[in-house]
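**Q**
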Amino acid sequence: DGGITQSPKYLFRKEGQNVTLSCEQNLNHDAMYWYRQDPGQGLRLIYYSQIVNDFQKGDIAEGYSVSREKKESFPLTVTSAQKNPTAFYLCATARTGDNYGYTFGSGTRLTVV
Amino acid sequence: GNSVTQMEGPVTLSEEAFLTINCTYTATGYPSLFWYVQYPGEGLQLLLKATKADDKGSNKGFEATYRKETTSFHLEKGSVQVSDSAVYFCALSASSASKIIFGSGTRLSIRP
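Dropping the structure here:
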């Protein structure tokens, strides 16, 4: 089955540590996105990539980093510079050249302990 | 710039009630419009979409009509069920090369 795999589903991080969230897709979609969702809130765009080896900052990129070395993978690193990282993180993909919307992964819940 | 405004929640209804969640948008040209649903602890799922004026998107008993004259895309369902309890997001995409812009979400709770 084609889809998006986000792992792990739950992640705990100590203050001052970097942590990397995985997003893998086998949909052959060109574009990939990372969103942050806080409790009871909407989605905020962190980073996105429309092609391998290229990515752009979204609205809240500070304290985060990404890479796009291959089409299937778009990992997100939450660095120690992110002051309030506890949130639900969602990865999404989309085909370019049409307007069918995004496909979302099931999310990773990150908690700082 | 482009934007989406949807009614604030939470919305609480009894089972079998009629549902409307309002959504209006601001965009140049002819955007595509979407409704996504998010169940607790999960990612978003595409519920329905419409790509041109007067199109009606429908899925699982939900409907929404793309109204260019009122710049609206209201979500409706004739008889809600407890299993419809979720957060609903209205969204638009100005073009195939554009990022999707999401509304703030509306939490829906259905009482048995």
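Protein chains in written order, with our numbering: chain A, 998 to 1110; chain B, -5 to 106. Built from N, CA and C at the ideal position, the CB exists for glycine as well. Quantities reported herein were computed from a predicted structural model and do not represent experimental measurements.
1) Going along the segment 1084 to 1104 of chain A in order, which residues come within less than 9 Å of chain B, judged by CB to CB distance?
2) Counting C-beta neighbours from all protein chains within 10 Å, is the total for A/Arg1033 16 or more, i.e. buried, or is it exposed?
3) Between B/Lys50 and chain A, is the shortest Cβ-Cβ distance under 8 Å, so that the two count as touching?
4) Is A/Tyr1045 close to chain B? Criterion is C-beta to C-beta, closer than 8 Å.
5) Determine, for B/Ser103, whether the minimum Cβ-Cβ distance to residues of chain A falls below 8 Å.
6) Closer than 8 Å by beta-carbon distance: list the chain B residues that pair up with A/Arg1024, in chain order.
7) Would you identify the three-state DSSP class for B/Val76, choosing helix, strand or coil?
8) Looking at B/Arg105 and B/Glu10, is the spacing between their C-beta atoms short of 8 Å?
9) Please list, in chain order, the chain B residues whose beta carbon lies closer than 8 Å to that of A/Gly1039.
10) For A/Thr1002, I'd like the list of residues in its chain whose CB is within less than 8 Å of its CB, leaving aside the five on either flank, ordered along the chain.
11) So which residues of chain B does A/Arg1042 contact, with C-beta pairs closer than 8 Å?
12) Kindly indicate which residue of A/Met1029, A/Gly1000, A/Gln1038 has the alpha-carbon position closest to the one of B/Glu2.
13) Is the separation between the beta-carbon of A/Val1049 and that of A/Lys1080 shorter than 8 Å?
14) Going by the CB atoms, is the gap between B/Ala85 and B/Lys62 shorter than 8 Å?
15) Below 7 Å CB to CB, which residues in the same chain sit around B/Thr18 once its five sequence neighbours on both sides are set aside?
16) Hey, could you find the ends of the beta strand (DSSP E) A/Met1029 is sitting in?
17) Looking at the unbroken beta strand (DSSP E) that takes in B/Ile94, where does it start and where does it end?
18) Which chain A residues sit within Cβ distance under 7 Å of B/Glu2?
19) Please name the residues in the segment 34 to 46 of chain B whose beta-carbon is closer than 9 Å to at least one beta-carbon of chain E, in chain order.
20) For a test of the three-state rule: what should DSSP assign to B/Tyr30, helix, strand or coil?
**A** On the basis of the data shown:
1) Phe1085, Leu1087, Cys1088, Ala1089, Ala1091, Arg1092, Thr1093, Gly1094, Asp1095, Asn1096, Tyr1097, Gly1098, Tyr1099, Thr1100, Phe1101, Gly1102, Ser1103, Gly1104
2) On the first sequence, position 36 is the one that residue 1033 of chain A refers to. A/Arg1033 comes out buried.
3) The sequence position of residue 50 of chain B within the second sequence is 56, counting from 1. No - not a single Cβ of chain A is within 8 Å of the one on B/Lys50.
4) Sequence index remark: in the first sequence, residue 1045 of chain A carries index 48 (1-based). It does; some Cβ of chain B falls within 8 Å.
5) Taking the second sequence and counting its residues from 1, the one referred to as residue 103 of chain B is at position 109. Closer than 8 Å: no.
6) To locate residue 1024 of chain A, count along the first sequence from 1; it is residue 27. The question names Arg, but residue 1024 of chain A is Leu in the sequence shown. Ordered by position in chain B, no residue passes the 8 Å Cβ test against A/Leu1024, which lies about 13 Å from the chain.
7) What you label residue 76 of chain B is simply residue 82 of the second sequence in a count that begins at 1. B/Val76 falls in the helix class under three-state DSSP.
8) For the purposes of this step, residue 10 of chain B is taken as residue 16 along the second sequence, with counting starting at 1. For the purposes of this step, residue 105 of chain B is taken as residue 111 along the second sequence, with counting starting at 1. No. Outside cutoff.
9) As a position in the first sequence, residue 1039 of chain A is number 42, starting the count at 1. Under the 8 Å cutoff, chain B gives Phe83, Phe96, Gly97, Ser98, Gly99.
10) The residue given as residue 1002 of chain A occupies position 5 in the first sequence. The answer, listed in chain order, is Ser1019, Cys1020, Glu1021, Gln1022, Gly1102.
11) As a working mapping, residue 1042 of chain A is identified with position 45 in the first sequence. The sequence given here has Leu at residue 1042 of chain A, not Arg. Lys93, listed in chain order.
12) Here residue 2 of chain B is taken as the residue at index 8 of the second sequence, counted from 1. Here the closest residue by C-alpha is A/Gln1038.
13) Here the question's residue 1049 of chain A lines up with position 52 in the first sequence. Here the question's residue 1080 of chain A lines up with position 83 in the first sequence. Not a contact, by the Cβ cut-off of 8 Å.
14) Sequence index remark: in the second sequence, residue 62 of chain B carries index 68 (1-based). Sequence index remark: in the second sequence, residue 85 of chain B carries index 91 (1-based). It is not a contact, given that the beta carbons lie outside the stated cut-off.
15) Residue numbering aside, residue 18 of chain B sits at position 24 when the second sequence is read from its first letter. Excluding residues within five positions, the ones whose Cβ falls inside 7 Å are Thr(-1), Thr65, Ser66.
16) If you number the first sequence from 1, residue 1029 of chain A lands on position 32. In the DSSP assignment, A/Met1029 falls within the beta strand (DSSP E) that extends over 1028 to 1034.
17) As a first step, residue 94 of chain B must be located in the second sequence, where it is residue number 100. Element bounds for B/Ile94: n/a, residue is neither H nor E.
18) Taking the first residue of the second sequence as position 1, residue 2 of chain B is located at position 8. Under the 7 Å cutoff, chain A gives no residues; its nearest Cβ is about 11 Å from B/Glu2.
19) No chain E appears in this structure, whose protein chains are A and B.
20) Looking up residue 30 of chain B in the second sequence gives position 36. Taken through DSSP and simplified to helix, strand or coil, B/Tyr30 comes out as strand.
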